[in-house]
Amino acid sequence: MRIVVNGSRGKMGQTLVAFAEEHSELEVVGEVGSGGSLAATLARTAPDVVVDFSRPEARMATVRTILEGNAAAVIGTSGFTGGDHAQIRQWVSATGKGCFVAPNFLIGSVLMQTFAQLAARYFDSAEIVEYHHETKVDHPSATALRTAELMAEVRSDYNRATCDAVASLDGSRGAEFSGIRIHAVRMPGFVASQEVLFGGPGQRLSLRHDSLDRTSYMPGVLLAARYIVDRAEFVYGLERILSLGLEQR
Ligand SMILES: NC(=O)c1ccc[n+]([C@@H]2O[C@H](COP(=O)([O-])OP(=O)(O)OC[C@H]3O[C@@H](n4cnc5c(N)ncnc54)[C@H](OP(=O)(O)O)[C@@H]3O)[C@@H](O)[C@H]2O)c1
11 MRIVVNGSRG
21 KMGQTLVAFA
31 EEHSELEVVG
41 EVGSGGSLAA
51 TLARTAPDVV
61 VDFSRPEARM
71 ATVRTILEGN
81 AAAVIGTSGF
91 TGGDHAQIRQ
101 WVSATGKGCF
111 VAPNFLIGSV
121 LMQTFAQLAA
131 RYFDSAEIVE
141 YHHETKVDHP
151 SATALRTAEL
161 MAEVRSDYNR
171 ATCDAVASLD
181 GSRGAEFSGI
191 RIHAVRMPGF
201 VASQEVLFGG
211 PGQRLSLRHD
221 SLDRTSYMPG
231 VLLAARYIVD
241 RAEFVYGLER
251 ILSLGLEQR
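In my numbering, each residue's number is its place in the sequence shown (first place is 1) plus 10.
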């Protein structure tokens, strides 16, 4: 697959370029940074796929340029909203080129979210602990929140039996989303980890995912590129192609 990397000097872009050097299936035929012209690079290199890890502000212009430049798009850049989806579908249908947007390319993390939603049906008690490096500015993580949202789709009566009315220290039980407690740990020694804990009579289930470095995102990027390269579809979210039976829900 011949790819152009948009945002190639960034942290994710550099990781992808290095990953492609080790994987003969991917050939990087062009790299674009903030000062470059994506349209001119597409015209010059005619890639199969453009993988984009750049800036949220430019996300829609980037998608349009890629599809109108006759390439499929794999977009990791954050910031897409429900309102963007309809516009992207129009461009996909007009150009006949596919677009795959995934807010999370970590296969293990997406699987963990799906397993958590499944387990949520069977356990009354659930808490999420997420662990990140000390420079992460936001808390809780988007992954923790998304996990809680998916679990809340199943039920909203978590942790009813917990006797935690007396607080000796405010905040010690973490934040709360639909009854699910969420705890955010920030310290050196972590990249991105999450544990979802479920408790029931006489048993405990713990789902844990650890991302050790940015290469952990790359198998998900490759999976998305393989999927979208010859399909005129708009796909949002890696879970859509992980054969999890979500389409039946
Ligand atoms: N989907 C996922 O799983 C996932 C995982 C991690 C990160 N992300 C998202 O991916 C994006 C990039 O993350 P990062 O950590 O790699 O950020 P980063 O290190 O800041 O890199 C962003 C790169 O984009 C370049 N850039 C800015 N505007 C551009 C434009 N108009 N055209 C082309 N390149 C442009 C920048 O170029 P200069 O260096 O020249 O300024 C920079 O090198 C963010 O939105 C982040 O949230 C997604």
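Heads up, the beta-carbon is just placed ideally off N, CA and C, and yes, glycines get one too. Predicted model only: the values in this text are computed from it and were never measured.
Exercise for the section: Sort GLY43, ALA53 and LEU233 by Cα distance to ASP62 and report the nearest one. Expected result: To locate residue 62, count along the sequence shown from 1; it is residue 52. Of the listed residues, the one whose Cα sits closest to ASP62 is GLY43.
Handout entry: Cβ distance (whole Å) where THR87 is taken to contact SER64 below 8 Å
Key = Here residue 87 corresponds to residue number 77 of the sequence shown, with the count starting at 1. Here residue 64 corresponds to residue number 54 of the sequence shown, with the count starting at 1. SER64 and THR87 do touch by the CB rule: their CB atoms are close to 5 Å apart, below 8 Å.
Handout entry: Neighbourhood of TYR246 by C-beta distance below 7 Å, restricted to the same chain and skipping five residues each side
Key = Counting from one through the sequence shown, the residue named residue 246 turns up at place 236. Hits under 7 Å: HIS95 and VAL111.
Handout entry: Coarse secondary structure for LEU222, derived from DSSP in three states
Key = Here residue 222 is taken as the residue at index 212 of the sequence shown, counted from 1. In the structure shown, LEU222 sits in coil (DSSP, three-state: anything other than H, G, I, E or B).
Practice task
Determine, using beta-carbon pairs with one atom in the segment 195-214 and one in the segment 119-136, whether at least three such pairs fall under 8 Å.
Solution key: When C-beta atoms of the segment 195-214 are compared with those of the segment 119-136, three or more pairs fall below 8 Å, so the two segments count as touching.
Exercise for the section: Counting only the same chain and skipping the five closest in sequence on each side, list residues whose C-beta sits under 8 Å from that of VAL27. Expected result: Residue mapping note: residue 27 aligns to position 17 of the sequence shown, counting from 1. Contacts found: VAL15, SER18, VAL38 and GLU41.
Exercise for the section: Per DSSP, which residues does ASN16 bridge with? Please list them. Expected result: Your numbering for residue 16 matches position 6 in the sequence shown. BP columns for ASN16 point to VAL42 and ASP62.
Handout entry: Length of the line joining the Cα atoms of ASP288 and MET11
Key = This structure cannot settle anything about residue 288, because the visible part of the chain is limited to 11 through 259.
Practice task
Could you give the DSSP three-state label for PHE125: helix, strand or coil?
Solution key: Working through the sequence shown from its first residue, we reach residue 125 at position 115. It is helical.
Handout entry: Enclosing alpha helix (DSSP H) for PHE29 [first to last residue]
Key = For this step, residue 29 is matched to residue 19 along the sequence shown. Run containing PHE29: 21-32, per the alpha helix (DSSP H) assignment.
Problem - Other residues of its chain near ILE117: CB distance less than 8 Å, five sequence neighbours each side excluded - result: As a first step, residue 117 is located in the sequence shown; it is residue number 107 there, counting from the start. Within its own chain, the residues whose Cβ lies closer than 8 Å to the Cβ of ILE117, once the five positions on either side in sequence are excluded, are PRO229, GLY230, LEU233, LEU248 and LEU252, listed in chain order.
Problem - Same chain, Cβ closer than 6 Å to ALA82, neighbours up to 5 away in sequence not counted - result: Sequence index remark: in the sequence shown, residue 82 carries index 72 (1-based). The residues are VAL59, LYS107, GLY108, ILE238 and VAL239.
Practice task
Just mark THR105 as buried or exposed, buried being the case when its beta carbon has 16 or more other beta carbons within 10 Å.
Solution key: To locate residue 105, count along the sequence shown from 1; it is residue 95. Per the 10 Å Cβ criterion, buried.
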